[in-house]
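Going letter by letter, the sequence shown gives residues 20 to 290 in the working numbering. Accompanying notes for the structure given below.
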Amino acid sequence: MKLKNVILLAGMMMTLTGCGTSSNTDADLLSQIVSTKTLKVGTEATYPPFEYTDTEGNILGFDVEIVKLVEAKIETTYNVDINVVWSNMAFDGLIGAIQSSKVDLVAAAMTVNEERAKSVSFSDTYFTTETAVVVLEDNTTITSMDTLKAAKCGSQLGTEQANYIQEEGWNSANQIITSVADLTTSLLAGKIEALVVDKAVGESIIAKNTGLKLATGISFDDTAAFGLATSLENSASFVSLINEALAENIENGTITNLYTAACDAYASTAE
Numbered sequence: 020m021k022l023k024n025v026i027l028l029a030g031m032m033m034t035l036t037g038c039g040t041s042s043n044t045d046a047d048l049l050s051q052i053v054s055t056k057t058l059k060v061g062t063e064a065t066y067p068p069f070e071y072t073d074t075e076g077n078i079l080g081f082d083v084e085i086v087k088l089v090e091a092k093i094e095t096t097y098n099v100d101i102n103v104v105w106s107n108m109a110f111d112g113l114i115g116a117i118q119s120s121k122v123d124l125v126a127a128a129m130t131v132n133e134e135r136a137k138s139v140s141f142s143d144t145y146f147t148t149e150t151a152v153v154v155l156e157d158n159t160t161i162t163s164m165d166t167l168k169a170a171k172c173g174s175q176l177g178t179e180q181a182n183y184i185q186e187e188g189w190n191s192a193n194q195i196i197t198s199v200a201d202l203t204t205s206l207l208a209g210k211i212e213a214l215v216v217d218k219a220v221g222e223s224i225i226a227k228n229t230g231l232k233l234a235t236g237i238s239f240d241d242t243a244a245f246g247l248a249t250s251l252e253n254s255a256s257f258v259s260l261i262n263e264a265l266a267e268n269i270e271n272g273t274i275t276n277l278y279t280a281a282c283d284a285y286a287s288t289a290e
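See the structure below:
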């Protein structure tokens, strides 16, 4: 999940993933979704503004709005009402959920990369970002990659950033856990010195919590592209439909507007 300055791609090439069910080896996934009138979606809802929960446990965020575009495309194409069923789980379990047919689709700010593409199919890109570093507002020591590597950092399990901070030369005490919310709490409490996340997520964290800032002078040079993920098998028609929905809504500006609205909505939620 997650990496650089938030730059929505207008008119870009995309990569998609569709999630299957155990019967996907026998039946086309899109046909199965249409016939059951159900789309099962997996996410990890502690990564605002892409996905988060409100006080009642409802899953909200930019990726939820992206899935609504896919839902609408299925409904208008096949003249059927689709029931979207969300499952909130650990980020590092999402690909397994696709492979075991627990979900048909993953919408979780998931970075498209070659390793993941061995296990799932990816949609076209609907968002790009880069890695950033969140620190306490009064921090004056983390100003370069060398000082960052020496600091105690935290990242979410299963993300590109978690891979970075476990590389040789980084602090062996770095913290890798499943919840960005818990990592933010640790940062505010001084238990870690820096939170390494996608810039879009870092900006949301700062908007929501006083006393934090993005560290300057640090560059990972690592543009990341987010795609929806689905099954490797029998998902070609589903991926094609998703890509059509994404292309249409990138071209007309809807996806850009949805991202802005998702950021504003999260910033206005109650603590």
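The C-beta atom is built at its ideal place from N, Cα and C for all residues, glycine as well. These figures come from a predicted structure and were not determined experimentally.
Assuming Thr235 and Thr162 are in contact, meaning their beta carbons sit under 8 Å apart, how far apart are those beta carbons, in whole angstroms? With a contact defined as Cβ atoms closer than 8 Å, Thr235 and Thr162 qualify at about 7 Å.
Run through the region 84 to 129 for me and flag every whole beta strand (DSSP E) of 3 or more residues, listed as ranges in chain order. If we require 3 residues or more, the beta strand (DSSP E) runs fully inside the region 84 to 129 come out as 102 to 107.
Looking only at C-alpha atoms, which of Tyr183, Leu214, Asn190 sits nearest to Ser198? Out of Tyr183, Leu214, Asn190, Leu214 has the C-alpha closest to the C-alpha of Ser198.
Could you pull out every residue in the same chain whose Cβ sits closer than 8 Å to the Cβ of Ile196, ignoring the five residues on either side in sequence? Around Ile196: Gly173, Gln175, Leu176, Leu202.
Going by the CB atoms, is the gap between Lys168 and Gln194 shorter than 9 Å? Cβ distance not < 9 Å, so Gln194 and Lys168 don't count as in contact.
Given a threshold of 16 other Cβ atoms within 10 Å of its Cβ, counted over all protein chains shown, does Gly39 qualify as buried or as exposed? Because the pLDDT at Gly39 is just 37, under 50, the model does not fix this residue reliably, and the point stays unresolved.
What does the alpha-carbon distance come out to for the pair Ile269 and Thr229? C-alpha separation (whole angstroms): 33 Å.
Same chain only: Cβ atoms within 7 Å of Trp105, ignoring 5 sequence neighbours per side: Excluding positions up to five away in sequence, the list reads Val60, Thr62, Ile78.
Do Thr249 and Ile237 have their beta-carbon atoms positioned less than 9 Å apart in this structure? No.
Using the Cβ count rule (16 or more neighbours within 10 Å means buried), how would you classify Asp143? With 16 or more Cβ atoms within 10 Å of its Cβ, Asp143 is classed as buried.
In angstroms, rounded to a whole number, what distance separates the CA positions of Ala280 and Glu84? Distance between the alpha carbons of Ala280 and Glu84: 10 Å.
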